[in-house]
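Accompanying notes for the structure given below.
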Amino acid sequence: MEKKKVLLGMSGGVDSSVAAILLQEQGYEVYGVTLKLWEEEGKESTCCNLEATLGAKRVCEKLGIPHYTLNAKDQFQKYVIQDFICQYKNCRTPNPCIECNKYLKFGYMYQKAKELGIEYIATGHYAKVEYSEEYGRTVIKKADNITKDQSYVLYNIPKEVVGKVVFPLANMRNKEEIRNLAREHGLEVANKPDSEDICFIPDGDYKKFLEEYSDLKAKEGNIVNLKGEVLGKHQGLYRYTIGQRKGLGIAYSEPLFVIGFKPEKNELIVGTEKEIYQKEMLVNQINLLLVDKLEVPMQVMVKTRYSSKEYSATIEMIKKDTVKVIFDEKVGRITPGQSAVFYIDDMVLGGGKIV
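Converting from the sequence shown to the working numbering requires adding 386 to each position, the first position being numbered 1.
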């Protein structure tokens with residue numbers, strides 16, 4: 387019987403390396419690929435620099451599988467870097483990993499797999515893909531290891547691709563189990579530390595990145611409260627995000643948080659802790675995976691950030707591409723530009739961008 391072919395995205399890290407081992411054990415004919423995503427004036431992304439690419443090649447050589455390197459820098463610039471800059475220009479806080487997943491890892495990579503005659507694609511994400519009898523389709527579910535679950539950043543996968551995706555790490559219990567498997571197979575990456583930063587901003591200084599790669603520059607303006615009273619000065623709206631408390635430079639009778647922006651007046655709005663909570667929000671750019679459309683209001687659990695807990699809410703489609711979310715209880719730090727992801731039990735219903 388002919389083996390199923392799978393194209394595995396490899397970053398040179400331990401997760402995608404062990405994913406290759408598991409895919410082989412599951413009977414797939416594995417092909418490794420590293421996407422060259424970002425390089426500017428000698429600077430490289432942490433997930434596709436020369437060291438990472440060579441590391442992925444060494445793993446493939448050891449496991450006896452082919453490895454490709456594909457240049458996707460133009461696509462990354464268009465769909466991830468430019469979106470990142472544009473969002474901050476419009477006082478929104480983006481999650482670039484979500485755009486990268488949609489357009490690069492599960493868009494561009496899937497197209498390349500088809501060109502190579504490969505039916506499936508795989509990544510080292512912690513999530514599950516299973517067929518649901520109830521919904522009559524393949525669905526994305528949370529990983530067994532809920533502390534590592536990455537289903538939040540996968541809601542935006544094109545729905546026609548979901549049935550062609552494999553997540554080999556779905557059932558792994560913890561990171562040490564993954565590292566041990568890498569050691570057993572003699573892989574050098576077994577002890578390689580995880581990368582937590584935005585791949586194209588390895589030093590974590592997004593403000594410096596924006597000032598270097600866009601026309602955003604520090605522009606002083608007023609910090610005001612909801613009454614319009616001037617409390618201090620800010621150094622550029624792109625330097626702040628909803629819910630931020632540190633770095634405001636304001637002496638006040640109680641802690642203050644960023645709660646909004648008035649770009650037309652170049653004003654940063656701050657408020658007390660009780661003023662960062664709200665009962666409703668709007669979400670657009672909707673991608674539904676579990677159903678084709680929202681016919682009636684639905685009770686779901688919602689995540690408003692990758693690291694946030696889930697909140698119980700009712701969602702209702704109020705326009706063609708806009709969902710209204712009504713929380714059971716008020717929720718804080720709701721941030722335009724971040725993604726809201728809807729869950730039913732452990733399944734990803736879909737999600738969109740917070741307006």
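All C-beta atoms in this analysis are idealised placements derived from N, C-alpha and C, irrespective of residue type, glycine included.
Where does residue i sit, in a helix, a strand or coil, going by DSSP?
| i | result |
| --- | --- |
| glutamine 664 | strand |
| phenylalanine 595 | helix |
| leucine 393 | strand |
| phenylalanine 492 | helix |
| serine 693 | coil |
| lysine 619 | strand |
| glycine 633 | coil |
| valine 741 | coil |
| arginine 559 | coil |
| arginine 478 | coil |
| serine 537 | helix |
| alanine 576 | helix |
| isoleucine 587 | coil |
| isoleucine 564 | helix |
| asparagine 670 | strand |
| isoleucine 532 | coil |
| lysine 603 | coil |
| isoleucine 543 | coil |
| lysine 648 | strand |
| lysine 679 | coil |
| lysine 613 | coil |
Expressed to the nearest angstrom, what Euclidean distance is found between the alpha-carbon atoms of residue i and residue j?
| i | j | result |
| --- | --- | --- |
| phenylalanine 595 | isoleucine 587 | 7 Å |
| lysine 448 | aspartate 401 | 16 Å |
| alanine 405 | asparagine 476 | 38 Å |
| glutamate 485 | serine 537 | 14 Å |
| phenylalanine 492 | lysine 632 | 36 Å |
| leucine 409 | glutamate 415 | 8 Å |
| threonine 439 | alanine 458 | 14 Å |
| valine 669 | glutamate 574 | 43 Å |
| asparagine 557 | methionine 733 | 15 Å |
| arginine 478 | threonine 627 | 8 Å |
| arginine 569 | lysine 561 | 12 Å |
Tell me, please, which residues DSSP counts as bridged to residue i.
| i | result |
| --- | --- |
| phenylalanine 713 | Ala699 |
| glycine 335 | This structure cannot speak to residue 335, because the chain is shown only from 387 to 741. |
| threonine 721 | Per DSSP, none; premise fails for threonine 721. |
| aspartate 453 | In the sequence on display, residue 453 carries histidine and not aspartate. According to DSSP, histidine 453 bridges with Gly418. |
| isoleucine 730 | Met733 |
| valine 551 | Ile507 |
| threonine 627 | Beta-bridge pairing links threonine 627 to no other residue. |
| lysine 705 | Thr708 |
| methionine 387 | DSSP output for methionine 387 lists no bridge partner at all. |
Determine, using beta carbons only, whether residue i and residue j come nearer to each other than 8 Å.
| i | j | result |
| --- | --- | --- |
| arginine 354 | isoleucine 662 | With the chain covering 387 to 741 only, the question about residue 354 has no answer from this structure. |
| glycine 657 | glycine 635 | no |
| valine 686 | isoleucine 704 | no |
| glutamate 437 | glycine 395 | no |
| tyrosine 599 | glycine 736 | no |
| glutamate 696 | valine 688 | yes |
| aspartate 583 | glycine 590 | yes |
| valine 539 | tyrosine 692 | yes |
| alanine 513 | isoleucine 507 | no |
| asparagine 608 | glutamate 640 | no |
| threonine 721 | glycine 629 | yes |
| lysine 710 | glutamate 666 | yes |
| threonine 420 | threonine 455 | yes |
| valine 803 | valine 552 | With the chain represented from 387 up to 741, any question about residue 803 goes unanswered, as that position is not in the structure. |
| lysine 390 | glutamate 505 | yes |
The alpha helix (DSSP H) with residue i in it runs from where to where?
| i | result |
| --- | --- |
| glutamine 468 | 468-475 |
| phenylalanine 462 | 459-462 |
| lysine 443 | 436-449 |
| leucine 408 | 400-411 |
First and last residue of the beta strand (DSSP E) that includes residue i?
| i | result |
| --- | --- |
| glutamine 608 | Reading off the sequence, residue 608 comes out as asparagine, not glutamine. First-last of the beta strand (DSSP E) with asparagine 608: 607-610. |
| glutamate 516 | 513-518 |
| lysine 508 | What sits at residue 508 in the sequence shown is alanine, not lysine. Where alanine 508 is concerned, the enclosing beta strand (DSSP E) stretches over 506-508. |
| threonine 524 | 523-528 |
| leucine 423 | Here leucine 423 belongs to no beta strand (DSSP E), and DSSP marks it neither H nor E. |
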